[in-house]
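What follows is a short report on a single structure.
Chains as they are written, first to last, in my numbering: chain A, 1 to 432; chain F, 433 to 864.
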């Protein structure tokens, strides 16, 4: 018959398994990040190639495709290594379903490249295709962040997702600016789109700063030298404020592209650091948990338990962790567990059980706080779905509608989403 | 190399594994419910036995102990059957840690019974001991409800937990009333405690009604015949409104006990129905998911995928489920999946992947809504922990303090909890 000690050990083992799954997911996120970065460059080069009617950038684009193929094959290997048979991955259904979608996108990638090579597709259509594929890849990262059961790792994954999403907005900003230069004239619609990409980007980077470590925040701040930033902001101002229909200085196009590219490449450096920190935290937590597991396993159940069974009813024991309750302002310490825990003799198994329950509870509380930040994205997605159903819009049209509402009302996208969802009950569902 | 179809299948398999784990957990909850019910009776009989100084209720108590021992051994067998080696149980760490705590309580139960048999403990101390053990068992049920990944099952588990918690408040109400009769005089403190138990009970039953099916709600309403209810309400009024220090009619004590017991026994009938519905829904969902899995497995990946890979970029496909978004008012339909899904020929794998992603997303959204109701309990527990830390209170004192604040301010306990947590940042942590 299993004892309390058995379940104390089993709980610890579950924690370790969840941490190991997180370490795997983090590795998956890293490879995904590499492919996203490659595809962002490929998208940029494809645009330049199409813009020059094939006269320029063909070799650069070809080289970039090679890099992407290598990252893709690494990612596919990573997918292959996932244990899809045991169904033991937490949140597996959603993660796997996102991966299935991504694989379809990757299967379609050679077709997309052929369309570009043959100049069949416009720059805009090409950009949209890459945007869709990258969005699918980012959805994988999002599920990874949403599945974390450890608050500190969840925090880093949320930072990670937001940074990657911010970087993607930066990539789209580059494309949108290039498109404006390519058409040669300021266009109010495109300018507003550019503005929104900048704002969405800032918002993501803000969440990143909030959730990542101080070190990484500082690294990000330093990675953007003020002269580059000033140049970018100057060009943003020129592009966004030109009167509708005014001529744009085409000679600035390569400057814009180089400036944006520099920013994005620097972002990649921060992202890689973030990736390293994530893996390091996972390893550190796994080691600490395994240390506890060994300590638990060394306990002798019968000898210690007989001491005083009635103690269960005696002390006024709390099943809640009184510490850590006010700590959700800062990140929790890296070594959360019993460390130097050789005091078996002075502590009953019951005390260990209570301590474990308290710790798990306060971890769950902390996790709720961290996850709240993911809700913003969920709200926007949900509102989009609602608009699609009620107004028979495509996803892109729905997104555009909400963006337009946000611009008109000078509100953030998430506020518009909340307003849309609040209308849900009064709108008739046309599909029914 | 794994294809999109492989991951479509893997996601479905994960769903099935999660549903099977839920079916197991539901079975565990059922056995837990049986032991809780038995311990509630044992607590009542132990009180009567102690109240009569051992003159009466000895055989009834002994018989009830026998029943509890049988339920306990079933529960221990159920715990033993849990797969603690594979660590594959979702939310396993928290569930196992609660079970470890319960096992310590069960180990201490014979000691508690010996104290009662020897009249060493007062009725109040005995009641508190049973309350603590039952709270531990209910925490297992709570974790089960909190771990559900399917919104409909989560809904039923939330209903279940609240019903069981409400029933426990009813049991404590019975004990508190009996204690008042036993002491012979009205006591303002005890009367307020009684009032709060009644209010907490009502609140739990309200959540139950909100989350369970209409059938079960009706069953609950019918299970309380109006004459019994009227009698209970009359006795509640007499007990709660007697002037402090006034003599209570001791002859009413057995009537009170019988009236409360009838209510609790009727509750058990509803609880058993709820248990049945839970298992039925689990089975039904597993069957539907397995049906989908078979349909997926019958698909031929290569043949279908070659048709038009560029379709990934073509249609404006939504990754959000437009239906079901406005449906969180009522319970979702029982047969959520592809049913009659023999139309392979007309649907591409990509469409299936998108449909799956949409469905999983809308399930996750629905789940968020259901889980919000569990937050109330979490808030109260968290506020309790905060008070314990700041004022160096025991758990019981902290709970009493909050109850007192609620009574003084005529607010609900959860509102007091929110207020306490809002103070968190301004209070110094004395433990540091």
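Where a beta carbon is used, it is the ideal one built from N, C-alpha and C, also for glycine. The structure displayed is predicted, hence computed values, not measured ones.
Check                                                                                                                          : Outcome
Start-end ranges of the alpha helix (DSSP H) lying completely within the stretch 641-691 of chain F, minimum 4 residues        : 646-655, 658-673
9 Å Cβ cutoff, residue 418 of chain A in contact with chain F                                                                  : no
Exposure label - residue 151 of chain A; buried when at least 16 CB within 10 Å                                                : buried
The stretch 92-108 of chain A: positions lying closer than 7 Å to chain F by Cβ                                                : 92, 93, 94, 96, 97, 98, 99, 100, 101, 103, 104, 105, 107, 108
Neighbour list for residue 7 of chain A in chain D, Cβ cutoff strictly below 8 Å                                               : Here chain D cannot be found, since the structure's protein chains are A and F.
Where residue 56 of chain A sits in the DSSP three-state scheme                                                                : coil
Segment contact, 8 Å Cβ cut-off, at least three pairs: the stretch 821-839 of chain F with the stretch 609-623 of chain F      : no
Status (buried if at least 16 other CB within 10 Å, exposed otherwise) for residue 772 of chain F                              : Model confidence at residue 772 of chain F stands at a pLDDT of 37, short of 50, so the residue's coordinates are unreliable; what they give is reported in the following sentence. Exposed, by the Cβ-count rule.
Spatial distance of residue 791 of chain F from residue 443 of chain F (CA atoms)                                              : 12 Å
Coil, strand or helix - residue 185 of chain A by DSSP                                                                         : strand
Secondary structure of residue 726 of chain F, DSSP reduced to three states                                                    : helix
Start and end residues, alpha helix (DSSP H) containing residue 433 of chain F                                                 : Note, residue 433 of chain F: premise wrong, no alpha helix (DSSP H); not H, not E.
At least three beta-carbon pairs within less than 8 Å, the stretch 62-69 of chain A to the stretch 196-208 of chain A          : no
Alpha carbon of residue 566 of chain F to alpha carbon of residue 354 of chain A, nearest angstrom                             : 16 Å
Secondary structure of residue 119 of chain A, DSSP reduced to three states                                                    : coil
The stretch 462-474 of chain F contacting the stretch 106-118 of chain A, beta-carbon criterion three pairs below 8 Å          : no
Distance, residue 43 of chain A Cα to residue 72 of chain A Cα                                                                 : 15 Å
Short CB-CB distance (under 9 Å) between residue 752 of chain F and chain A                                                    : Confidence at residue 752 of chain F is low in this model, with a pLDDT of 41, below 50, so the placement of that residue is unreliable and no value is reported for it.
Alpha helix (DSSP H) segment containing residue 805 of chain F, residue limits                                                 : 781-823
Any chain A beta carbon closer than 9 Å to residue 542 of chain F                                                              : yes
Range covered by the alpha helix (DSSP H) that runs through residue 845 of chain F                                             : 845-855
Under the three-state DSSP convention, the category residue 150 of chain A falls into                                          : coil
Chain F contact residues for residue 3 of chain A, given Cβ-Cβ distances below 7 Å                                             : 535
Pick from F/491, F/587, F/685, F/683 that is closest to residue 642 of chain F, judged by C-alpha positions                    : F/587
When A/26, A/38, A/102 are compared against residue 434 of chain F, the one with the closest alpha-carbon                      : A/102
Residues from the stretch 614-634 of chain F in contact with chain A, defined by Cβ distance under 9 Å                         : none
Sequence-distant residues of the same chain with beta carbon closer than 7 Å to residue 282 of chain A, five excluded per side : 19, 22, 23, 26, 153
Closer than 7 Å at the beta carbon, the chain A residues around residue 549 of chain F                                         : Within 7 Å Cβ-Cβ: nothing; residue 549 of chain F doesn't reach chain A, min ~14 Å.
Residue-chain proximity (residue 741 of chain F, chain A), Cβ-Cβ < 9 Å                                                         : yes
Beta carbon of residue 531 of chain F nearer than 9 Å to that of residue 514 of chain F                                        : yes
Alpha-carbon spacing of residue 138 of chain A relative to residue 208 of chain A, whole angstroms                             : 15 Å
Residues from the stretch 819-843 of chain F in contact with chain A, defined by Cβ distance under 9 Å                         : 819, 820, 821, 822, 825, 826, 827, 828, 829, 830
Proximity test, Cβ basis, 9 Å: residue 722 of chain F and chain A                                                              : no
Straight-line gap, residue 422 of chain A to residue 259 of chain A (C-alpha atoms, nearest Å)                                 : 41 Å
Residue-chain proximity (residue 153 of chain A, chain F), Cβ-Cβ < 9 Å                                                         : no
For residue 255 of chain A and residue 248 of chain A, the rounded distance between their alpha carbons                        : 13 Å
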